[in-house]
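Take a look at the structure below.
Number of protein chains: 2
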Amino acid sequence: MTGPERPRRADARRNVEGIRRAALDVFRSGGLTTPLDEVARAAGVSKGTIYHRFGSRRGLIDAVVDELVAERIQGIIAAVGRLDDPLARFEEYLLRMWLLQYDEPAANDVLLRAMPDSEPLVHLCERAQRFALGVLTDAQRAGAVRADLTPEDLHHLILERGVVVQAGLRQSREDYQRRLRFLLDGLRHVPAR
Amino acid sequence: MTGPERPRRADARRNVEGIRRAALDVFRSGGLTTPLDEVARAAGVSKGTIYHRFGSRRGLIDAVVDELVAERIQGIIAAVGRLDDPLARFEEYLLRMWLLQYDEPAANDVLLRAMPDSEPLVHLCERAQRFALGVLTDAQRAGAVRADLTPEDLHHLILERGVVVQAGLRQSREDYQRRLRFLLDGLRHVPAR
DNA sequence: ACAGAAGTTGACTCCATGGTCAAGAAGCTA
DNA sequence: TAGCTTCTTGACCATGGAGTCAACTTCTGT
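Residue numbers (full-length UniProt numbering), protein chains in the order written: chain Z, 1 to 193; chain V, 1 to 193.
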């Protein structure tokens with residue numbers, strides 16, 4: 001759609017790259033809502049330049065989201081895809097998604113808010129969701145996961161973790177992980193009690 | 001400590017009462033962080049009056065917190081206290097706290113932020129926590145709840161729900177409740193698997 | 001080395017919110 | 001009802017972040 005991009009001036013190219021780097025850095029540690037002034041400062045550039053180059057906050061996010069999260073999620077899908085046991089696949093998928101959320105504040109923002117109109121993101125999320133659906137139904141068919149768990153539940157469980165992490169209730173990674181275990185146990189098939 | 005309160009003028013008394021009512025109303029539906037202008041509007045009074053009468057946002061909250069949440073929490077403690085079965089007590093306590101959070105956004109704010117220096121609140125929270133500890137250890141002694149669940153976990157599980165509800169991920173009360181079930185099931189004693 | 005295009009800047013506007021205070025309004029008492 | 005005191009008001013200050021733009025700076029091709 002966009003024409004053959006007439007070449008930009010050298011300093012412009014340099015800046016765009018610098019801003020991308022800075023954004024990755026800043027967003028990774030502070031989430032997608034970090035003030036753009038900070039990105040600007042980190043890139044040694046003025047806020048105006050960011051707007052000039054990327055149009056808006058969202059533009060910048062779109063330009064960076066792939067490297068920021070998409071790769072990680074694809075990595076998870078790939079890794080889980082390599083497993084055989086249905087229950088292991090199910091639990092590993094959730095666990096890895098949840099830990100990604102803990103490790104990268106930005107991942108939540110992506111999963112939570114940036115979605116509505118970032119094309120590549122929507123695509124990615126759909127893909128993940130489709131994958132999750134497969135994992136879930138397999139695990140249920142194998143009798144490893146409770147039957148009343150719906151795909152929406154799964155989706156919700158992930159969003160929920162995002163919110164929790166984002167809120168910054170102090171908890172060490174170990175505690176976080178231990179508590180995820182509680183959750184997972186609650187999702188397993190309940191033999192008649 | 002405060003002297004015998006020389007009587008206030010009639011309009012002042014009327015306003016204080018009106019503001020309290022309005023605050024209850026507004027905070028109930030919007031949480032404790034709702035702009036005070038809204039409270040003022042609802043009370044048919046100017047923002048300045050609120051500050052004059054209550055000193056600060058926190059002052060207003062303190063003046064209202066009891067009627068807003070304290071009673072509800074005490075109600076829960078009382079109701080659960082009447083139950084006998086340890087597991088039922090445990091689950092009922094959590095369930096009711098969680099539903100309270102769903103039903104009243106303000107409850108979260110109370111549990112989450114207002115705490116640090118509101119005396120009555122601190123007191124109440126301590127009481128609830130002590131109660132929860134009893135419920136937990138009883139349930140664990142009875143072998144109904146997993147042994148590796150700590151009191152901190154319990155506390156955290158409640159805060160967590162608060163955050164989730166506050167974030168306003170759309171979910172009907174039914175879905176919310178159904179998902180709580182997953183959580184509770186994950187907390188039960190796990191017979192050797 | 002210069003003209004003109006491309007790029008950058010930072011001060012500016014806007015908006016929302018918390019909180020303050022001098023001036024004016026209203027209640028109370030004699 | 002006058003006069004004193006208590007109250008209320010709403011305009012005002014401060015903060016902090018989003019986004020804009022006219023003026024200035026830096027490239028680049030000739």
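Glycine included, each C-beta is placed from N, C-alpha and C at the ideal position.
Where residue i sits in the DSSP three-state scheme
i, result
"Val145 (chain V)", "strand"
"Arg21 (chain V)", "helix"
"Arg188 (chain Z)", "strand"
"Gly134 (chain V)", "helix"
"Gly3 (chain Z)", "Because the pLDDT at Gly3 (chain Z) is just 44, under 50, the model does not fix this residue reliably, and the value given afterwards should be weighed accordingly. DSSP places Gly3 (chain Z) in coil when its eight states are reduced to three."
"Leu32 (chain V)", "coil"
"Arg13 (chain Z)", "helix"
"Arg170 (chain V)", "coil"
"Arg8 (chain Z)", "coil"
"Asp85 (chain Z)", "coil"
C-alpha distance - residue i paired with residue j, whole-angstrom precision
i, j, result
"Asp66 (chain V)", "Ile50 (chain V)", "18 Å"
"Arg188 (chain Z)", "Lys47 (chain V)", "53 Å"
"Gly55 (chain Z)", "Ile61 (chain Z)", "11 Å"
"Asp175 (chain V)", "Ala147 (chain Z)", "15 Å"
"Leu124 (chain V)", "Val69 (chain V)", "10 Å"
"Glu91 (chain V)", "Gly75 (chain V)", "16 Å"
"Ala22 (chain Z)", "Leu184 (chain V)", "43 Å"
"Leu87 (chain Z)", "Ala128 (chain V)", "38 Å"
"Ile73 (chain Z)", "Leu32 (chain V)", "36 Å"
"Leu99 (chain V)", "Gln177 (chain V)", "8 Å"
"Val165 (chain V)", "Ala63 (chain Z)", "32 Å"
"His52 (chain Z)", "Arg20 (chain Z)", "14 Å"
Closer than 7 Å at the beta carbon, the chain V residues around residue i
i, result
"Phe182 (chain Z)", "Gly186 and Leu187"
"Ala167 (chain Z)", "Val163"
Bounding residues of the alpha helix (DSSP H) (the contiguous stretch that carries residue i)
i, result
"Ala167 (chain Z)", "Pro151 to Ala167"
"Glu104 (chain Z)", "Note, Glu104 (chain Z): premise wrong, no alpha helix (DSSP H); not H, not E."
"Gln74 (chain Z)", "Glu71 to Gly81"
"Gly59 (chain Z)", "Arg57 to Val65"
"Gly48 (chain V)", "Lys47 to Phe54"
Residue i classed as buried or exposed, judged by whether at least 16 other C-beta atoms fall within 10 angstroms
i, result
"Val122 (chain Z)", "exposed"
"Thr150 (chain Z)", "exposed"
"Glu17 (chain Z)", "exposed"
"Leu157 (chain Z)", "buried"
"Ala132 (chain Z)", "buried"
"Glu71 (chain V)", "exposed"
"Thr2 (chain V)", "Reliability fails at Thr2 (chain V), whose pLDDT of 44 lies under 50, so the model's placement of it is uncertain and the value that follows must be treated cautiously. Counting Cβ neighbours within 10 Å, Thr2 (chain V) comes out exposed, since fewer than 16 surround it."
"Ala10 (chain V)", "exposed"
"Gly134 (chain Z)", "exposed"
"Glu119 (chain V)", "exposed"
Chain-ordered neighbours of residue i on chain Z, where CB pairs are closer than 9 Å
i, result
"Arg179 (chain V)", "Asp153, His156, Leu157 and Glu160"
"Val110 (chain V)", "Here the premise fails: no neighbours, minimum Cβ distance about 15 Å."
Contact list for residue i against chain Z, beta-carbon separation under 8 Å
i, result
"Gln171 (chain V)", "His156"
Closer than 8 Å at the beta carbon, the chain V residues around residue i
i, result
"Val164 (chain Z)", "Glu160, Val163 and Val164"
"Val190 (chain Z)", "Asp185"
The ligand FAD heavy atom lying under 8 Å from the CB of residue i
i, result
"Leu95 (chain V)", "The ligand content of the structure shown is nil, which means the ligand FAD is not present either."
Under 7 Å by beta carbon: chain Z residues contacting residue i
i, result
"Val16 (chain V)", "Within 7 Å Cβ-Cβ: nothing; Val16 (chain V) doesn't reach chain Z, min ~34 Å."
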